[in-house]
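Residue numbers (this note's numbering): 13 to 536. Each residue gets a CB set at the ideal place from its N, CA and C atoms; glycine is no exception. Structure first, commentary second.
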Amino acid sequence: MAENGYYINGFDVTNIRNFLSYANLPFEAIAQQQIKTGGYGAEYGRSLGGVISLLTKRGTNEWKGGASVYWEPKSLRSKGIRVVNKETDLSTPDQFQNLPPYTHYYFDKSQDRREVREYNIYGGGPVIKDKLFVFGLVEGRSNTTDTFEESQAHRIKDTHPNWLLKVDFSLTDNHLLEYTGISTKSKRDYYDYESATPYAGTLDGAPGVSQRTAGGRVDILKYTGYLTDDLTVSALAGRVTDQQPIFTGSRLGGADCPTVYNVGATAPLGCWNGIFPGAPGRDPAAPPTDIDKRKAYRLDLEYVLGKHTIRAGLDNQTFTSGEAGGSSYSGGIYWRYFVTPAAGGTVRGVALPGNTPYVRGRIAQNTSGEFEVKNSAYYVEDSWKITKEVLLYGGLRWESFDNKNSDGVSFVKKDRELAPRLGFSWDAMGDSSLKIYGNVGRYYIPVASNTNIRATRGELNTEAYYTYTGQDPRTAAPTGLTQIGTTLINSDGRIPNPATVAATNLSPMNQDEYILGMQKAIAK
13 MAENGYYING FDVTNIRNFL SYANLPFEAI AQQQIKTGGY GAEYGRSLGG
63 VISLLTKRGT NEWKGGASVY WEPKSLRSKG IRVVNKETDL STPDQFQNLP
113 PYTHYYFDKS QDRREVREYN IYGGGPVIKD KLFVFGLVEG RSNTTDTFEE
163 SQAHRIKDTH PNWLLKVDFS LTDNHLLEYT GISTKSKRDY YDYESATPYA
213 GTLDGAPGVS QRTAGGRVDI LKYTGYLTDD LTVSALAGRV TDQQPIFTGS
263 RLGGADCPTV YNVGATAPLG CWNGIFPGAP GRDPAAPPTD IDKRKAYRLD
313 LEYVLGKHTI RAGLDNQTFT SGEAGGSSYS GGIYWRYFVT PAAGGTVRGV
363 ALPGNTPYVR GRIAQNTSGE FEVKNSAYYV EDSWKITKEV LLYGGLRWES
413 FDNKNSDGVS FVKKDRELAP RLGFSWDAMG DSSLKIYGNV GRYYIPVASN
463 TNIRATRGEL NTEAYYTYTG QDPRTAAPTG LTQIGTTLIN SDGRIPNPAT
513 VAATNLSPMN QDEYILGMQK AIAK
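Below is the structure:
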């Protein structure tokens, strides 16, 4: 779910491109999970929802291991729905089931199938007793998804394994080092079939084969020092690399094969791959891969002073999103054929006779670049145990945000946005059976790096209509073009001035949250 914060072993793995998590861990890798639905302290930020914090398993002085298998057979899944064309008056289930295939459906998901098989092998123990410990997990999978459409069917197979490695080293009893490595790579095989019968539920003929690769790796290094009985310090540094999905194989189609649809747009024409909007035409000057990179570090101090637990720290990260430009359509253009009504019609302000064939051409292109987001924060908080039953909490967090275009020029920048937090907890009965609590706080979320990409790169978007005299026998693109009216230019391809992208007083989104709650144990 977006707008939450995701942490693994204290490291923020939230994807600032879309605010989801970069890394999903199998259950067997998790030692503890903490979910804060609201009212969390000043050490956390950049979230308007909750915080999901995981601690992975680690090795101990005893070797332990295991394995697990998860199977979700397709035979136990419910069937997908069919959606009836609203132009018919057939709506009851009996009438619905007796409709002729395809002709009265907007879409039909009743034939789609999915089967999931996942396997985990894990274990850990001492490499050097009392000093060096290791825990590892390998996650395998064999997942298959079949989908059926009007003129095509698709099978997706996911068999790529992933892994986790946790290493803990006790320098002394008071100084600990830990490393966490997580593989998040994915590789999926796509098999695309042409279907003679719409929504047939069968995979017929020889498929076009493609492969989709994505993901990357998470690396986390953490130091914890118990400097005195009252003072603890922790320092963490980490990085994420994540490749955006890239296809190879038949889905790329021919570089010179434009996206083409016949009259009514019910079937693709020509030599392109037939999967709208086609394989994008990649900018030849773009970097070889589209990669998100995060480099982050944080420092936290905790000091116990009588009934006060005082914490303070800083939390900085630099996030870079690479994005290749080029055309949104294979072959650089999207053609769609039309015919005027028998009585004639008007296209782009020009009157055409009845039954006149014409075609629309759309061009959508954008520039490449790397887009940087810098987020930093520092905080201080105090948890005061006033009595055995009453805890009072107060905290301040200062957030800074800086979003830049591909030239490294800021278009949204805010420094030291104040996010105060105040809360209390009362153990009313003194035995934890009845708890009353409250919290007031302000929470900020960064501007997503996807905004940098969409708002600050150059985009060319045009649309024009033509009459034509023929069609290319291989690509089905129109030939003998004569333009009808003028070209509609939605954007001209120039990189916008950063000062014009956002209002000068624009701030990252924030919300003020007020919580008052009660928790009662019904039975012991």
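Check whether the stretch 258-274 touches the stretch 324-333, counting contact only when three or more Cβ pairs, one atom from each stretch, lie closer than 8 Å.
no
When the distance is taken between beta carbons, is Val424 closer than 7 Å to Val459?
yes
Suppose the cutoff is 8 Å on Cβ atoms and the five residues either side in sequence are ignored; what does the same chain contact list for Ala511 look like?
Phe423
Gln543 versus Tyr203: straight-line alpha-carbon distance, rounded
Because the chain is modelled from 13 through 536, residue 543 falls outside the range shown and cannot be assessed.
For Leu408 and Leu37, what's the separation of their Cα atoms in angstroms?
32 Å
Rounded separation between Gly442 and Ile448 - CA only
12 Å
Inspect the beta-carbon positions of Ala336 and Ala298 and report whether they are closer than 7 Å.
yes
Per-residue burial, Arg29 [other beta carbons within 10 Å of its own, 16 or more giving buried]:
buried
Three-state class that DSSP yields for Pro280 in the structure shown:
strand
Are the CB atoms of Ala35 and Lys69 nearer to each other than 7 Å?
no
Out of Gly450, Thr214, Val385, which one is the CA nearest neighbour of Val402?
Gly450
With DSSP collapsed to three states, give me the class of Pro510.
helix
Please confirm whether Tyr477 and Pro490 have their CB atoms less than 7 Å apart.
no
Going along the chain, which residues of its own chain have a beta-carbon closer than 8 Å to the beta-carbon of Leu472, five neighbours each way excluded?
Ile375, Ala376, Gln377, Asn378, Ser503, Asp504, Gly505
What would DSSP say about Asn73, mapped onto helix, strand or coil?
coil
Inspect the CB distances between the stretch 139-156 and the stretch 62-76 and report whether three or more fall short of 8 Å.
yes
Give me whichever residues DSSP pairs with Glu127 in a beta bridge.
Thr156
Might you give, ordered along the chain, the residues of its own chain that have their beta carbon closer than 8 Å to the beta carbon of Arg153, omitting 5 neighbours on each side?
Val128, Arg129, Glu130, Tyr131, Asp170, Thr171, His172, Pro173
Are Gly293 and Gly344 close, meaning C-beta to C-beta below 7 Å?
yes
Buried versus exposed call for Tyr391 [16 or more other C-beta atoms within 10 Å across all chains shown]:
buried
Measuring straight from C-alpha to C-alpha, what distance separates Glu84 and Ala14?
26 Å
Pair every Cβ in the stretch 268-288 with every Cβ in the stretch 345-353, then say whether three or more of these pairs are closer than 8 Å.
yes
Is the Cβ-Cβ distance between Lys426 and Phe436 less than 7 Å?
no
Decide if Lys98 is buried, meaning its Cβ has at least 16 other Cβ atoms within 10 Å, or exposed.
Unreliable positioning characterises Lys98 in this predicted model, as indicated by a pLDDT of 49, which lies under 50. The coordinate reading is nonetheless provided below. Exposed.
Cβ-based neighbour list, Ile398, same chain, cut-off 8 Å, excluding 5 preceding and 5 following
Lys319, Leu404
In terms of alpha-carbon separation, which member of Asp124, Ser122, Leu243, Ser340 lies closest to Gly290?
Ser340
Determine, using beta-carbon pairs with one atom in the stretch 184-199 and one in the stretch 225-234, whether at least three such pairs fall under 8 Å.
yes
Count the other CB atoms, across all protein chains shown, that sit within 10 Å of the CB of Ile20; report buried if there are 16 or more and exposed otherwise.
buried
Alpha carbon of Gly482 to alpha carbon of Ser388, nearest angstrom
59 Å
Compute the Euclidean distance between the alpha carbons of Val362 and Ala165, then round it to the nearest angstrom.
40 Å
I need the boundaries of the alpha helix (DSSP H) containing Ile465, first residue and last residue.
461-468
Nearest-angstrom Cα separation, counted from Ala41 out to Cys283:
46 Å
Quick one: what's Asn522 bridged to in DSSP?
Tyr456
What is the DSSP secondary structure of Leu9, reduced to helix, strand or coil?
Only positions 13 to 536 of the chain appear in this structure, which leaves residue 9 out of reach.
Which term fits Phe39, buried or exposed, when burial requires 16 or more other beta carbons within 10 angstroms of its beta carbon?
exposed
In its own chain, which residues sit with a C-beta less than 6 Å from the C-beta of Thr321, not counting the 5 before and 5 after it?
Ser395
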